[in-house]
Amino acid sequence: MHKVLLDEVRWVQGFGEYIILVTPLKKYMILERMSNFEEKFQNLGFIRIHKSYIVLSSHISSYDAAHVYLKDGEKLPLGRTYKNSLKAYLN
């Protein structure tokens with residue numbers, strides 16, 4: 001067991017039945033579905049940007065047609081079906 005603070009999570013990546021919580025120092029693999037994580041934490045600033053990615057909105061710097069850019073320089077894919085919801089959320 002390891003306690004991970006939600007504000008430390010930069011993004012979440014899905015792998016089937018598992019998710020990976022990515023923090024600045026470490027990655028944590030958890031037996032959890034993306035949809036469950038999204039449902040539990042969307043009210044805390046997490047937004048789905050791709051079928052395999054959820055990002056904490058406070059870490060987003062900008063986005064374009066295909067990618068979301070984080071403040072630390074990371075680039076994540078932006079799914080077509082999630083682009084409108086990201087745009088609405090950030091505006």
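Numbering (UniProt numbering), first residue to last: 1 to 91.
Cβ coordinates follow ideal geometry from the N, Cα and C atoms, glycine included.
Select from the options the residue whose C-alpha is nearest the C-alpha of residue i.
i: Leu31; options: Glu38, Phe37, Tyr18, Gln42; result: Tyr18
i: Lys51; options: Val4, Arg33, Met29, Val22; result: Arg33
i: Met29; options: Phe41, His2, Phe46, Gly45; result: His2
i: Asn91; options: Arg10, Ser62, Lys71, Leu70; result: Ser62
i: Pro24; options: Trp11, Ala66, Ser57, Leu76; result: Trp11
i: Gly73; options: Asp64, Asn84, His59, Ala88; result: His59
i: Phe15; options: Ile54, Asp64, Val68, Ala88; result: Ile54
Quick one: what's residue i bridged to in DSSP?
i: Leu6; result: Leu6 is not bridged to any residue.
i: Ser62; result: Tyr69
i: Ile20; result: Gln13, Met29
i: Leu76; result: Val68
Quick one: using the 10 Å Cβ neighbour count with 16 as the cut-off for buried, is residue i buried or exposed?
i: Val4; result: exposed
i: Leu56; result: buried
i: Phe46; result: buried
i: Leu6; result: exposed
i: Leu21; result: buried
i: Leu70; result: buried
(request) Take every Cβ of the segment 68-80, pair it with every Cβ of the segment 34-46, and state whether three or more of those distances are shorter than 8 Å. (result) no
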